[in-house]
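Numbering (numbering that gives the first Met the number 0), first residue to last: 0 to 554. All residues carry an ideal CB built from backbone N, CA and C; glycine is no exception. Shown next, in structure tokens, is the structure this report addresses.
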Amino acid sequence: MKNIYRVTRPAWATVDKTEKIVILLASLVVGIYGGWGERFAAALLGPWVGRQPIHHVWPLVDVVVVTAGCLLLIKLYKRLRVGCYPSTFIYCFYMPDDSIPSGKAPVVGFCHIKADMASGEIVAKGASFVWNNGHIDIHSRTGFTSTEVRGTKEAEEVTCHIYFDIDRADWRNRTYHYGVLRFQLASGDMTVTSCNTYAGYLLSTNKELEPNPKAIDVHAWGYAERYDKGLVTENDIRTKLAANGHVSFAKLDTMLGSVPPPNLWRSENLMSTSKPNIWKHQVPSPQSVMLNAMLRPYIDQYLDKVLSLFGLSADAIRCFKGLAVEKAVLERDNVVAYERALKHGLIGLIVPANEDQALNQRAAIIYGQIAPYLCGDSLLDIGCGNGLIADLARGHFKEIQLLDVVRYLPNALHLPFKLYAEGQPLIDHPFDTVLLLTVLHHSKNPVELLKLAWNATTKHLIIIESVVDVHKAEPSASYELLGLPIEDQIAFAAFVDWFYNRVLHDDVPVPYNFTTPEQWRSIFLENNMRLTQQVHLGQDIDIGPEYHILFVLER
Ligand SMILES: C[S@@+](CC[C@H](N)C(=O)[O-])C[C@H]1O[C@@H](n2cnc3c(N)ncnc32)[C@H](O)[C@@H]1O
0 MKNIYRVTRP
10 AWATVDKTEK
20 IVILLASLVV
30 GIYGGWGERF
40 AAALLGPWVG
50 RQPIHHVWPL
60 VDVVVVTAGC
70 LLLIKLYKRL
80 RVGCYPSTFI
90 YCFYMPDDSI
100 PSGKAPVVGF
110 CHIKADMASG
120 EIVAKGASFV
130 WNNGHIDIHS
140 RTGFTSTEVR
150 GTKEAEEVTC
160 HIYFDIDRAD
170 WRNRTYHYGV
180 LRFQLASGDM
190 TVTSCNTYAG
200 YLLSTNKELE
210 PNPKAIDVHA
220 WGYAERYDKG
230 LVTENDIRTK
240 LAANGHVSFA
250 KLDTMLGSVP
260 PPNLWRSENL
270 MSTSKPNIWK
280 HQVPSPQSVM
290 LNAMLRPYID
300 QYLDKVLSLF
310 GLSADAIRCF
320 KGLAVEKAVL
330 ERDNVVAYER
340 ALKHGLIGLI
350 VPANEDQALN
360 QRAAIIYGQI
370 APYLCGDSLL
380 DIGCGNGLIA
390 DLARGHFKEI
400 QLLDVVRYLP
410 NALHLPFKLY
420 AEGQPLIDHP
430 FDTVLLLTVL
440 HHSKNPVELL
450 KLAWNATTKH
460 LIIIESVVDV
470 HKAEPSASYE
480 LLGLPIEDQI
490 AFAAFVDWFY
500 NRVLHDDVPV
510 PYNFTTPEQW
520 RSIFLENNMR
530 LTQQVHLGQD
540 IDIGPEYHIL
550 FVLER
């Protein structure tokens, strides 16, 4: 990598330290030869041929030795500049499914890098093969040739950029035909420590010449290592890849799971996939939160907790977290596929009895929080979810109505339920107590839903809402993200919300419409909703540790 940088940087750039030493040594040799060469030759050969003949032929010796010496120096210097090349590298990448028409994602491959001494260019040529269930698929061979290879250096870290064209005959094997491969030495804090291991990153590019210009935007993360100082034949490399492909993927998995991730990947702006919510707060995708090194310890802790409560063993949790990272990379742009992959990864691992216990425990905690404010004869639970909280409140009311946009009530819960479509009138008559428990941020239009709920309330509207931008410690509430900026609090809340509602449960809408406690208070004020209680509950629920606040609005 260092050599790539040295070889490909502009010739007028500063001469580096090794080069200075070589030039100095060469000058010294020439100086010594000029000052003492003849005397040395006379002392050495004088006894046999006499000093006079040496003196006569010395100008000719000078011409020959200096010319040959210079030619040798030039050759040695060129050799020094190209350093370890030619070399053979092997690599593996997790490709997104839509980059390969067959839909097979992992690939292994090799790359020959050599210096073309005549043109002064570094050239790279190689091929990738689909890695199919631990076997290399020879028929999937996709060759590529570099159009430009260059090295860049930033903060002492050298990156090799290989711009390549896929060989025309192999175009059918890819949905893109041009790209750039980047490699950077794996940093010292990685578990993979050999000095010849690299983090890799592949990005597809488009050229205007593309026959069918399509916005192809492939991002793939990979691992590479130098296999040999020389150009190994493709047959030998294939044998090596077939035998050791799984080792390369194990190393890539280690890199993917490392905190912090390799610098090369960090600089690829993994948080770029964020979208604004209704309050204009940017919400990053679950995949990018999963790959966010700063938030990873919080996410790890959350997954450890919730999955162990759902009955997974420590080993199963570790494997699942590995899968969550790997798929976050692979399905970087496809949250539905990410969700599917994680749901699939949990099949057969969740223990139903543990899940029931965790959900009942959550319902009991929330019921305890709202019980002091339940009043009157009738209860409307808007966004009732599994209905467990309303079930605990049965004893307080003569009439209970459940309502939600999704039905996932246990069959044994015999309570009236209305399937609601957002934006429609809520219900035909008002209720004494109305609940909106961790529902508002799930609504596409939380203020409209709040107004409908308020209009359906005759006595108390009880709200528990997940909020962000909380930086002051409250005696009644714990919050491990207190010191983090709002962006990180939103990112964490969004991941937890997504995981709880989309991975552990099915199809609950998650528009991530979180906002601040201040914003809610001003909305209550603007709409003449009398706020009589506000309790900071904090991260009160282990299986969904968003920061909760309880509001009670009274008629
Ligand atoms: C996190 S769950 C909370 C469920 C329940 N309130 C509890 O605390 O157990 C959020 C619920 O809000 C529901 N929801 C989302 N948008 C809604 C809307 N516009 N109107 C009513 N319910 C909605 C979801 O289907 C989901 O069941």
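(Q) Any heavy atom of ligand 1 inside 8 Å of the beta-carbon of Val324? (A) Position 325 of the sequence shown, counted from the start, is the residue given in the question as residue 324. Flag unset: Cβ of Val324 not near ligand 1.
| query | Under the three-state reduction of DSSP, which class applies to Ala198: helix, strand or coil? | reply | Taking the first residue of the sequence shown as position 1, residue 198 is located at position 199. Note: Ala198 maps to strand in three-state DSSP.
Exercise. For Gln532, count neighbouring Cβ atoms within 10 angstroms of its own Cβ and tell me buried if that reaches 16, exposed if not.
Key: Walking along the sequence shown from the start, residue 532 turns up at place 533. Label assigned to Gln532: exposed.
Terminal residues of the continuous alpha helix (DSSP H) containing Asn234? In the sequence shown, counting from the first residue as 1, residue 234 sits at position 235. Note, Asn234: alpha helix (DSSP H), 233-256.
TODO: Give every residue of the same chain whose Cβ lies closer than 6 Å to the Cβ of Ile540, excluding the five residues on either side of it in the sequence, and list them in chain order.
DONE: Along the sequence shown, read from residue 1 onward, the residue named residue 540 stands at position 541. Closer than 6 Å at Cβ, skipping near neighbours: Arg361.
| message | I want to know whether the region 438-454 touches the region 347-356 - three or more CB-CB distances under 8 Å. | response | no
*Distance, Ile165 Cα to Leu255 Cα*: Here the question's residue 255 lines up with position 256 in the sequence shown. Here the question's residue 165 lines up with position 166 in the sequence shown. Whole-angstrom Cα-Cα distance: 26 Å.
task = Can you grab the Cα-Cα spacing for the pair Val122 / Leu75, in whole Å?
result = Taking the sequence shown and counting its residues from 1, one reaches residue 122 at position 123. Taking the sequence shown and counting its residues from 1, one reaches residue 75 at position 76. About 20 Å.
Entirely enclosed alpha helix (DSSP H) segments - the region 415-471, minimum 4 residues
445-454
Practice problem: Could you pull the start and end residues of the beta strand (DSSP E) that Asp403 belongs to? | Solution: Counting from one through the sequence shown, the residue named residue 403 turns up at place 404. Element bounds for Asp403: 398-403.
Under the assumption that Tyr301 contacts Phe88 (Cβ atoms under 8 Å), give the Cβ distance between them as a whole number of angstroms. Here residue 301 refers to the residue found at position 302 of the sequence shown. Here residue 88 refers to the residue found at position 89 of the sequence shown. About 38 Å; that fails the 8 Å criterion.
Within 10 Å of its beta-carbon, does Asn291 have 16 or more other beta-carbons around it, so buried, or fewer, so exposed? One-based indexing of the sequence shown puts residue 291 at position 292. With 16 or more Cβ atoms within 10 Å of its Cβ, Asn291 is classed as buried.
Please name the residue in Asp314, Arg181, His441, Glu37 whose C-alpha comes closest to that of Leu345. Working through the sequence shown from its first residue, we reach residue 345 at position 346. With distances taken between Cα atoms, Leu345 lies closest to Asp314.
Between which two residues does the alpha helix (DSSP H) harbouring Arg38 extend?
In the sequence shown, residue 38 corresponds to position 39, counting from 1. First-last of the alpha helix (DSSP H) with Arg38: 16-48.
* Asked: Given a threshold of 16 other Cβ atoms within 10 Å of its Cβ, counted over all protein chains shown, does Phe39 qualify as buried or as exposed?
  -> Translated into positions along the sequence shown, residue 39 becomes position 40. Phe39 is exposed by the Cβ-count criterion.
From Asp390, Asp376, Val106, pick the residue whose C-alpha is nearest to that of Gly367; which is it? Walking along the sequence shown from the start, residue 367 turns up at place 368. Nearest C-alpha to Gly367: Asp390.
Practice item. With hydrogens ignored, establish whether the beta-carbon of Val507 is closer than 8 Å to any heavy atom of ligand 1. Key: Working through the sequence shown from its first residue, we reach residue 507 at position 508. Yes, ligand 1 has a heavy atom inside 8 Å of this Cβ.
Given 8 Å as the limit, tell me if Asn454 has its C-beta closer than that to any heavy atom belonging to ligand 1. The count along the sequence shown starts at 1 and reaches residue 454 at position 455. No; taking the cut-off as 8 Å, the Cβ of Asn454 has no heavy atom of ligand 1 nearer than that.
Can you name, in chain order, every residue of its own chain whose Cβ lies under 7 Å from the Cβ of Lys342, other than the five neighbours on each side? Translated into the one-based positions of the sequence shown, residue 342 becomes position 343. Closer than 7 Å at the Cβ level, and outside the excluded window around Lys342, lie Val502.
Nearest-angstrom Cβ-Cβ length linking Lys124 and Thr144, presumed shorter than 8 Å: Translated into positions along the sequence shown, residue 124 becomes position 125. Translated into positions along the sequence shown, residue 144 becomes position 145. With 8 Å as the limit, Lys124 and Thr144 qualify as a contact, their Cβ atoms being about 5 Å apart.
Straight-line CA distance for Val334 to Val469? Taking the first residue of the sequence shown as 1, we reach residue 334 at position 335. Taking the first residue of the sequence shown as 1, we reach residue 469 at position 470. Roughly 28 Å separates the two Cα atoms.
Beta-carbon proximity of Leu240 to Val107, cut-off 9 Å: Locating residue 240 in the sequence shown gives position 241, where the first residue counts as 1. Locating residue 107 in the sequence shown gives position 108, where the first residue counts as 1. Their beta carbons are under 9 Å apart, which means Leu240 touches Val107 by this criterion.
Original post:
Which term fits Asn500, buried or exposed, when burial requires 16 or more other beta carbons within 10 angstroms of its beta carbon?
Top reply: Walking along the sequence shown from the start, residue 500 turns up at place 501. It counts as buried.
What are the start and end residues of the beta strand (DSSP E) that includes Val157?
Residue mapping note: residue 157 aligns to position 158 of the sequence shown, counting from 1. From DSSP, the beta strand (DSSP E) with Val157 extends over 156-165.
Q) Nearest-angstrom Cα distance between Val28 and Ala219? A) Along the sequence shown, read from residue 1 onward, the residue named residue 28 stands at position 29. Along the sequence shown, read from residue 1 onward, the residue named residue 219 stands at position 220. One C-alpha to the other measures close to 51 Å.
Closer than 8 Å: is that where the CB of Lys450 sits relative to any heavy atom of ligand 1?
What you label residue 450 is simply residue 451 of the sequence shown in a count that begins at 1. No, since every heavy atom of ligand 1 falls outside the 8 Å radius drawn around the Cβ of Lys450.
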